[in-house]
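Okay, so the sequence shown: first residue is 1 according to UniProt numbering, each after it adds one. Note that the Cβ used here is the ideal one computed from N, Cα and C, for glycine as well. What follows is one structure encoded as structure tokens, with my remarks underneath.
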Amino acid sequence: PAEGGEVKWSPVHKWFFTQDMKEANHFNQSVMLTRTNSIDEEALRKTLKAITVHHDALRLVCKKDEEKGLLLFNR
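Dropping the structure here:
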């Protein structure tokens with residue numbers, strides 16, 4: 001995992017932020033997963049936490065800076 005702090009924009013970030021979207025904060029992808037048997041909630045929480053810690057992009061936050069414009073940060 002990367003250290004916290006400012007992150008360079010990837011090509012897809014550059015593309016996304018040059019689009020004229022009225023509600024860019026609602027741009028997302030969701031899925032619904034189903035199972036026929038029960039789910040171990042604690043195991044699921046630990047797994048999702050581990051994935052988030054491992055994959056830097058899942059912790060990116062966009063902030064507006066008056067001088068620099070939009071900045072990406074890894075938290």
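Let me know the alpha helix (DSSP H) ranges lying completely inside the UniProt domain "Condensation" (6 to 71), each 4 residues or longer, listed in chain order.
-> 11 to 18, 41 to 54
Taking C-alpha atoms, which residue in 7, 16, 35 lies nearest to residue 26?
-> In the sequence shown, the residue the question calls residue 26 occupies position 26. If we check each option's Cα against that of residue 26, 16 comes out closest.
Going by alpha carbons, who is nearest to residue 74 out of 46, 63, 23?
-> Position 74 of the sequence shown, counting from 1, holds the residue named residue 74. Residue 63 is the option with its Cα nearest to residue 74.
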